[in-house]
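Numbering (this note's numbering), first residue to last: 32 to 189.
Here the structure is laid out as structure tokens; the discussion comes afterwards.
And the structure:
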């Protein structure tokens, strides 16, 4: 059987890009149990309330919902358990310094399979205020209107 190649997305956290300003992203691995991986292969996960924290020099992914595997037995996992994030020590130390400065948090953006292994994209992010969110929405709408107008102009419909 050939090995899995490329990326296969499992879940994305679209709300994170709306609620936070993304400063930096990191591709990380996750330490998972067998039933968690099988549940992810079925394409089931939710990153909505997820965040990462650093405890005793280790990064932990919390409040990410991976539902129980339907064919699992008593060995099934808890859906919202803490999951260890696999990162290099230098990256963890750099993140720790940035987070202790204040106002920054680690948010999961997406979960995916990369060459058969479960990976996540963690973002170093700063929370947006409500007026920043409104400004971003207005900017996106105006960009969309300009694209529409340009498309009509190119087609000669004005």
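Quick reminder that beta carbons are idealized off the backbone N, C-alpha and C, glycines included.
Would residue 96 and residue 77 qualify as a contact pair, given that the criterion is a beta-carbon distance under 8 Å? For the purposes of this step, residue 96 is taken as residue 65 along the chain shown, with counting starting at 1. For the purposes of this step, residue 77 is taken as residue 46 along the chain shown, with counting starting at 1. Contact flag set, yes.
Among 126, 120, 67, nearest to residue 102 - alpha-carbon criterion: Taking the chain shown and counting its residues from 1, the one referred to as residue 102 is at position 71. Selected option, being the one with the closest Cα: 67.
Under three-state DSSP, which class holds residue 66? As a first step, residue 66 must be located in the chain shown, where it is residue number 35. In this structure, DSSP gives residue 66 a helical state, which the three-state scheme calls helix.
Relative to the alpha-carbon of residue 115, which residue among 180, 121, 183, 82 has its alpha-carbon at the smallest distance? Here residue 115 corresponds to residue number 84 of the chain shown, with the count starting at 1. Checking every option, the nearest Cα to that of residue 115 belongs to 82.
Rounded to the nearest angstrom, what separates residue 59 and residue 177 at their Cα positions? Stepping through the chain shown from its first residue, residue 59 is reached at position 28. Stepping through the chain shown from its first residue, residue 177 is reached at position 146. Spanning the alpha carbons of residue 59 and residue 177 requires a straight line of approximately 38 Å.
For residue 167, does the three-state DSSP call read helix, strand or coil? Reading the chain shown from its first residue, position 136 is the one you call residue 167. Three-state result, residue 167: helix.
Coil, strand or helix - residue 115 by DSSP: Here the question's residue 115 lines up with position 84 in the chain shown. If DSSP states are grouped into helix, strand and coil, residue 115 belongs with the strands.
Do the CB positions of residue 146 and residue 40 come within less than 8 Å of each other? Indexing the chain shown from 1 puts residue 146 at position 115. Indexing the chain shown from 1 puts residue 40 at position 9. No, the pair does not count as a contact, with Cβ atoms beyond the cut-off.
Nearest to residue 117 (by Cα), restricted to the options 70, 175, 174, 57: If you number the chain shown from 1, residue 117 lands on position 86. Nearest Cα to residue 117 within the set 70, 175, 174, 57: 57.
Where does residue 78 fall in DSSP's three states? Counted from its first residue, the chain shown places residue 78 at position 47. Three-state DSSP puts residue 78 in coil, outside helix and strand.
Whole-number beta carbon distance between residue 47 and residue 156, since they are thought to touch under 8 Å: Here residue 156 refers to the residue found at position 125 of the chain shown. Here residue 47 refers to the residue found at position 16 of the chain shown. Right, their Cβ atoms sit about 7 Å apart.
Across which residues does DSSP place residue 149 in a beta bridge pair? Translated into positions along the chain shown, residue 149 becomes position 118. According to DSSP, residue 149 bridges with 144.
Simplified DSSP state of residue 73, which is helix, strand or coil: In the chain shown, residue 73 corresponds to position 42, counting from 1. In the structure shown, the three-state DSSP call for residue 73 is coil.
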